[in-house]
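Trainee:
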Amino acid sequence: MSAVFISPKATVLLVLFLFVGCGPEAEIRQYTIKSENERVFTSDLLRDEFGSIPFEWDVPDEWTIAENDQFSKVAWSVGPKAEQVRITLSDLPIAAGLVPQLNRWRGQISIELDSKDDPMDGTETLKVGDIDATYVDFKGPDATILGLLIPFESKMWIFKLTGSNELVDQQRDAFRKFAESVTVP
Numbered sequence: 000m001s002a003v004f005i006s007p008k009a010t011v012l013l014v015l016f017l018f019v020g021c022g023p024e025a026e027i028r029q030y031t032i033k034s035e036n037e038r039v040f041t042s043d044l045l046r047d048e049f050g051s052i053p054f055e056w057d058v059p060d061e062w063t064i065a066e067n068d069q070f071s072k073v074a075w076s077v078g079p080k081a082e083q084v085r086i087t088l089s090d091l092p093i094a095a096g097l098v099p100q101l102n103r104w105r106g107q108i109s110i111e112l113d114s115k116d117d118p119m120d121g122t123e124t125l126k127v128g129d130i131d132a133t134y135v136d137f138k139g140p141d142a143t144i145l146g147l148l149i150p151f152e153s154k155m156w157i158f159k160l161t162g163s164n165e166l167v168d169q170q171r172d173a174f175r176k177f178a179e180s181v182t183v184p
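With numbering that gives the first Met the number 0, the residue at position 45 of the sequence shown is 44, and numbering never jumps.
#1: Using 8 Å as the cut-off, can you tell me whether the stretch 52-60 makes contact with the stretch 177-184, which would need three or more C-beta pairs spanning the two stretches below that distance?
#2: Output the residue ranges of the alpha helix (DSSP H) runs that lie fully inside the stretch 42-103 and measure 4 residues or longer, sorted by chain position.
#3: Cα separation between GLN29 and VAL11?
#4: Going by DSSP in three states, GLY139 sits in which element: helix, strand or coil?
#5: Could you give the distance in angstroms between the alpha-carbon of VAL167 and the alpha-carbon of SER76?
#6: Look at the Cβ atom of GLN107, then the Cβ atom of ILE144, and state whether they are nearer than 9 Å.
#7: Taking the beta strand (DSSP E) that LEU160 falls in, what are its first and last residues?
#8: Quick check: the Cα distance between PHE174 and GLY96, rounded to an integer number of angstroms?
#9: Grab me the residues of ALA9's own chain with a C-beta within less than 7 Å of its C-beta, minus the 5 sequence neighbours each way, in chain order.
#10: Please confirm whether ILE27 and TRP62 have their CB atoms less than 9 Å apart.
#11: Which first and last residues belong to the beta strand (DSSP E) in which LEU125 is found?
#12: Keeping to the same chain, check which residues put their C-beta closer than 8 Å to that of LEU91; ignore five residues upstream and five downstream.
#13: For THR133, which three-state DSSP category applies?
#14: Bridge partners for GLU184 per DSSP, in chain order?
#15: Would you call the CB atoms of LYS171 and ASP136 closer than 9 Å?
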């Protein structure tokens with residue numbers, strides 16, 4: 000076996016090479032990213048923090064807070080996970096109109112309205128303080144919508160319960176009691 004001999008100059012160059020590295024020093028880059036100030040609120044926190052919902056109500060114990068969709072300000076659900084009833088509160092500009100909203104709901108649950116039919120069929124007036132609100136009970140072939148539409152200032156506030164006929168029938172009294180509990184503080 001033969002020994003490898005490295006000259007002192009080669010040893011110094013090898014050590015310098017190990018300490019210095021193989022290339023030029025990498026440039027350090029700094030990035031500035033704007034922070035996101037958007038906060039996510041649950042339904043009750045939204046109402047409590049901003050007071051943006053001008054109503055108070057008593058929620059039935061069995062209703063649980065649900066995830067809001069893009070239209071609702073507050074959402075609850077009740078019933079078995081496989082087929083829950085959904086309750087929402089949303090608002091529209093008052094100019095959207097009551098009758099067009101009622102017709103949309105009828106279409107959502109396959110109720111056909113003839114031109115000679117009264118568009119207010121399935122509704123009744125329910126007082127919310129001094130306000131004449133519209134209570135809705137529409138039952139389609141498979142699904143039911145219960146609702147409370149309240150014209151207040153420049154908005155139409157809409158409480159809506161939607162689900163299968165069977166499950167909505169189980170929540171009918173609870174929703175009516177809920178609707179009757181809505182007040183303007």
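Glycine included, every Cβ here is placed at the ideal spot set by N, Cα and C.
Mentor: Looking at the atomic coordinates:
#1: yes
#2: 42-49
#3: 36 Å
#4: coil
#5: 11 Å
#6: yes
#7: 154-163
#8: 23 Å
#9: none
#10: no
#11: 122-127
#12: GLN100, LYS154, MET155, ILE157
#13: strand
#14: In the sequence as presented, Glu is not what sits at residue 184; that position holds Pro. Beta-bridge pairing links PRO184 to no other residue.
#15: The residue asked about is misnamed: residue 171 is Arg in this sequence, not Lys. Result yes, Cβ atoms of ARG171 and ASP136 sit closer than 9 Å.
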